[in-house]
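Student: In UniProt numbering, the protein residues as written are 1 to 160.
Glycine included, each C-beta is placed from N, C-alpha and C at the ideal position.
All of these numbers come straight from a predicted model, not from anything done at the bench.
Mind looking over this structure? Questions follow.
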Amino acid sequence: MRHGKKHNHLGRKTAHRKAMLANMACSLIEHKRINTTVAKAKALRVFVEPLITKSKADTTHNRRIVFSYLRNKYAVTELFREVSVKVADRPGGYVRIIKLGNRQGDNAPMAMVELVDYNEIYNPKGKKAKKSTRRSRRGGGKKTESAQVEETATEEKSEE
């Protein structure tokens, strides 16, 4: 039975799993992109996204918390100095997992894990994607410029 099993144990004891995830997170922060298995990629996303969220507020307390997870002062410095600046306005979803197919040796499903804001293909030249907002179906939204120009033109004709 799987009572209380909230995360994948990855076939490892607790200390080994935490050390592996810390090493993978440090590599991801340093290189911005790593290749691993799909199961490890999903576990890494759960591990690293809260740390990136903590890095948005550069306080001594947050640095100590992140260091207790990563155990690498160079990765912590990189995270707080460079990564947090890029993700400052993003409300979550800092990591992207792209499935690559199966590994040749053991046919394990592989994936590429990358930091979203560092991919120039999906995010060319650092341009911010247009934020979509929820809109009601009742209408009453803002008019476009062309609709406003047509409306003013018809008003001017009716005045004459």
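DSSP state of Pro114, grouped into three classes?
Tutor: Per the sequence shown, residue 114 should be read as Glu rather than Pro. Note: Glu114 maps to strand in three-state DSSP.
Student: To the nearest angstrom, how far is it from the Cα of Ala108 to the Cα of Glu120?
Tutor: 28 Å
Student: What residue range does the alpha helix (DSSP H) around Asn62 cover?
Tutor: 60-70
Student: How far does the beta strand (DSSP E) with Leu79 in it extend, from its first residue to its last?
Tutor: Counting along the chain, Leu79 falls outside any beta strand (DSSP E), and DSSP gives it neither H nor E.
Student: Give the straight-line distance between the Cα atoms of residue 174 and Ile52, rounded to the nearest whole angstrom.
Tutor: An answer regarding residue 174 cannot be provided, because it is not within the stretch 1 to 160 covered by the chain.
Student: Among Lys18, Lys13, Leu21, Thr37, which has the Cα closest to the Cα of Asp106?
Tutor: Thr37
Student: Measure the beta-carbon distance from Val46 to Lys54 and round it to whole angstroms, keeping in mind my assumption that it falls under 8 Å.
Tutor: Not really, about 14 Å apart at Cβ, beyond 8 Å.
Student: May I have the straight-line CA-CA distance separating Val87 from Ala41, to the nearest angstrom?
Tutor: 20 Å
Student: What do you get for Glu114, buried or exposed, if any count of 16 or more other CB atoms within 10 angstroms of its CB means buried?
Tutor: Result: buried.
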